[in-house]
Structure formats: C-alpha cells, structure tokens
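The sequence shown begins at 202 in the numbering used here and counts up by one.
Beta carbons: idealized from backbone N, C-alpha and C, even for Gly.
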Amino acid sequence: MNNAEWLARSRAAVWHPCTQMKLHETLPLVPIARGEGAWLFDFDGRRYLDAVSSWWVNLFGHANPRIGAALTAQLSQLEHVILAGFTHRSVVELSERLAALAPRGLGHAFYGSDGASAVEIALKMAFHYWRNEGRPEKTGFVSLAGSYHGETLGALAVTDVPLFRDAYAPLLKRNAIVPSPDARTARPGESARDVAERAAQALEAHLALHHATTAALIVEPLVQGACGMAMHDPHYLGRARDIAARHDVLLIADEIMTGFGRTGTLFACEQAGIAPDLLCLSKGITGGYLPLSCVLATDAVYAAFYADDPARGFLHSHSYTGNALACRAALAVLDIFRDDGVIAANRERSVRWTALAAPLAAHPRVKQFRQRGMIWAFEVDTPRADFARWCFAEGLQRELLLRPLGHTVYFMPPYVVTDDEFALLAARTLEIVERA
Ligand SMILES: Cc1ncc(COP(=O)(O)O)c(C=O)c1O
C-alpha cells in the first residue's frame, strides 16, 4: 500500500481531529508508516522531522527502545485493572515518584486519560473542595486571556481561543477571563516583569470583587501554548500564587504542555518557586506513547474529601483510570530523565540550538523571537492570510513537520534531536520565511 491508498481510505473512514475535512480535498493527509527518533516516514519513502513532537507529546523520539522494553515487560504482567477497589505496582510507583518530583506538597495523584480529562478533574475537584468546606457558592473559575485548556465542555469553558470556543458558547459555563502576562504585550519601556506585574494587579482587582464566588484560577505556567506560545515572566506565577491564597481561591497549574522539561525545568512552576493546589499533567508524561493524565492534589484538598459520607468523596472515574501500560511508560520516561540527566543536558542543548537559530531570529520578517527551555517561537510578518496552512505545506516539502499557530511558527522537537537535525530545521524554516 502506498500513500495514496492510505490517505483515500483514511479520508473515507477516519474523522480527523481539529480539521475541516473538506480541506483534504486540496491538502493531502500524510500517512505515516513508522517513526524513528525525531523522524516520521511515510509509505512512499519520504521522511519528516517532527518539530512539534506529535502535538507536544513526544520527548525521547519515536520507537524509543527503552520505553518499548518497559511496555513489553508490563504487557506480560498486567495490561489493565479497574482502579476502584484495586491497585497495582505501576500506578503506586508512578504516584510516589511524581509526588517526589513535583513542587512540594502535591502528594495525591488522581488519573485521567487525555489532558482535557485532567482539566475536568481539576475543575470539579476545586468546586467540590469548596462545597465540602461549606462554601458551595464558590462555583466560578478564572483563566487568562488566550488560555487553552482542552476541548471538553468544562475545559472549553476556561479556554479563550474563539475558533475553538465560539461555536459551543451556548453550552459553556460563563467564567471570568483576566489579562494575560504575555510578554509580547509590553508597552514601550516595559519589561516582561512589568507586564507580569500589570497582569497580576488586574487579577488582584478581579478577585477582590469576585473571590466569594470563585473556586479557582487556572493558568498555563510560563508558556501559553495554543494561543501562540505566549511566554511570561515567572514573577506572574509568584504573584498569582499569593493573590489566590489571600482570596481563598485555589490555584490550578495546567502543566499539560509545559511539564516534563519543556520550559527548561521538569515543571514550569519550579522557576517561580511555587506549588499550586492542583497540578495537571499529561502529554509528555508517557513520552508520547499512551494516553495518560494526572492531577496532583495537596493534603489540604485531599483531606476535604476524606470522610464517612460517600457524597463528600470525589466520585469521578474513567474506565482506563491509572492504566497499567500507560503508568509503566511514564515510569520509563522518569527513568530516562534520571539516568540521562536530561534536564541538565537540555540546558546545554537549548543554548546550542538557540545559537543555531540566530540567522532565523535576525531575519527582517521574523518578529518577537523567543525561547524558553526547549520551546522556540516567533511571529512571521507576512501578508499571507493563509500563512499557517501554507507554511505547513512548505514544511512538508522540506521534510519538516511544522504546524504554525496563526502567524506564530514554533519549534518544540523531541529532546533527542541532534544538533545537525536542529540546524536543518532552522535552515529550512529560514527558506520558508524568505518566501512567506
Ligand atoms: C495547556 C493545555 N491544557 C490542556 C490541553 C488538552 O490536552 P488534550 O489535547 O490531551 O486533551 C492541552 C493540549 O494541547 C494544553 O496545551
């Protein structure tokens, strides 16, 4: 079977995510036969450098032998068991290790599957926490302008991306949106820290008025991904932590994208020295192998549910909660972080790769070039209204999987990319920018 046959069958039988399917009348799907390291190979022998880590999930390359071996071992022991009333080794070990690695005090792990299910869990937990504390009127949530937390109805209700949200607006609970600390919005003379402080003051003003009816503030720490890799100063997180605590509002850190080293530390919250009340994790947690998400909660949150009355408990579940294979993949990922000193190695990689991207950063069409940890992003100054789609197609012709967000091009490759591969990515992207 070649590409043409697979894409025809896929178009007929698969409803692809986040896609206007009619688009594929003119823009062909890319059928992938196999992956190896940072490369994906199609059925006609072409290859593509996965510069977006397959929707930000892959950390250590496709077909990683160490994660594969861990999964093979788990497969011969236990694939899955109901997690209500039962437990198993991989979920226990993973929960203990996440608690030890995460910011202090987050010792209780509740599992879901995708990122959005973690957000649903965190929102329900925050509301139910206050209900159990005798404050049922705290039902509202606050999120940042441009925030993205997923596509299910609860997560979409704290998401501020009109393209995803507007069609479903009548179904969504109304929540508050406060200004983003996005450093790109700096006024003349303002530093990134000044923008963060200005946004923190807006948050404080909002909560001063609405704290009595607000359950939680949810933030994407340091980098707001889907709205265009908007980066902010850690100062905002420190201020948000303090303001939320003073107003009896829980802080939910959505590290679904930023977790597992993407921003340079294992978790982005570390760079502000803060611990949220609830921490949402997914994507890189299994190295991109299996769907798994997790909400880590503090003792205080956990204690509010611990009672004789079943209705005070958190009666939320998914069939695949704590899936043994997914947990084992996550343990293999944590082993790689530990054994290979990944965070320290990434610090050096990010310096080298930023230098390799210097010609791109200096190009006159490139604006707001920015980098944090293992994420690089910039705006392309172009009159093309169809830039994102055009750039995606141009990337494919140059063996690159790029997926711009509007006019924002970003690199978020697996950490196993070599210097030569990153140089190729930067040079070929520069060719595209020149033609934009
Ligand atoms: C910050 C953040 N939260 C939540 C989600 C939703 O995760 P999922 O697509 O796995 O449901 C995403 C996905 O991109 C995300 O970036």
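Which residues DSSP lists as bridging residue i, in chain order
| i | result |
| --- | --- |
| Lys484 | BP columns for Lys484 are empty, so no partner. |
| Met432 | Val424 |
| His309 | Ala498 |
| Ile453 | Ile419, Leu479 |
| Thr609 | Glu580, Leu606 |
| His407 | Paired residue(s): none; His407 is not in a bridge. |
| Leu601 | Leu250 |
Coarse secondary structure for residue i, derived from DSSP in three states
| i | result |
| --- | --- |
| Arg375 | coil |
| Thr415 | strand |
| Leu250 | strand |
| Trp240 | strand |
| Ala558 | coil |
| Val543 | helix |
| Arg235 | strand |
| His263 | strand |
| Ser392 | coil |
| Gln402 | helix |
| Asp620 | helix |
| Phe593 | helix |
| Ser551 | helix |
| Val634 | helix |
| Pro511 | helix |
| Gly269 | helix |
| Val534 | helix |
| Tyr349 | coil |
| Glu338 | coil |
| Leu438 | helix |
| Cys219 | coil |
| Arg463 | coil |
| Ala285 | coil |
| Ser277 | coil |
| Ser381 | coil |
| Tyr503 | helix |
| Phe468 | coil |
Limits of the beta strand (DSSP E) - the one that residue i falls within
| i | result |
| --- | --- |
| Trp577 | 576 to 581 |
| Gln572 | 567 to 573 |
| Ser494 | 494 to 498 |
| Ser344 | 341 to 345 |
Cβ-Cβ distance between residue i and residue j below 7 Å
| i | j | result |
| --- | --- | --- |
| Met432 | Arg573 | yes |
| Phe342 | Ala409 | no |
| Glu600 | Tyr330 | no |
| Val320 | His350 | yes |
| His289 | Leu279 | yes |
| Gln275 | Ala531 | no |
| Leu493 | Ala527 | yes |
| His608 | Val581 | yes |
| Ala323 | Ile444 | no |
| Arg267 | Ala533 | yes |
| His225 | Arg235 | no |
| Arg604 | Phe612 | no |
| Leu373 | Ala358 | yes |
| Ala239 | Val552 | no |
| Arg394 | His436 | yes |
| Pro560 | Leu631 | yes |
| Leu208 | Pro229 | yes |
| Arg442 | Ile475 | yes |
| Phe579 | Val610 | yes |
| Gly426 | Ser381 | no |
| Pro304 | Cys428 | no |
| Leu625 | Ala252 | no |
| Glu334 | Thr414 | no |
| Ala384 | Val396 | yes |
| Ala310 | Leu497 | yes |
Heavy atom of ligand 2 within 6 Å of residue i beta-carbon
| i | result |
| --- | --- |
| Glu237 | Absence of ligand 2 is noted for the structure shown, with ligand 1 being the only ligands found. |
Range of the contiguous alpha helix (DSSP H) that encloses residue i
| i | result |
| --- | --- |
| Ser318 | 316 to 333 |
| Gly355 | 354 to 357 |
| Pro363 | 363 to 366 |
| Glu297 | 290 to 302 |
| Leu208 | 204 to 214 |
- [ ] Please list, in chain order, all residues with a C-beta atom less than 5 Å from at least one heavy atom of ligand 1.
- [x] Asp315, Gly316, Ala317, His350, Gly351, Glu421, Gly426, Asp455, Ile457, Met458
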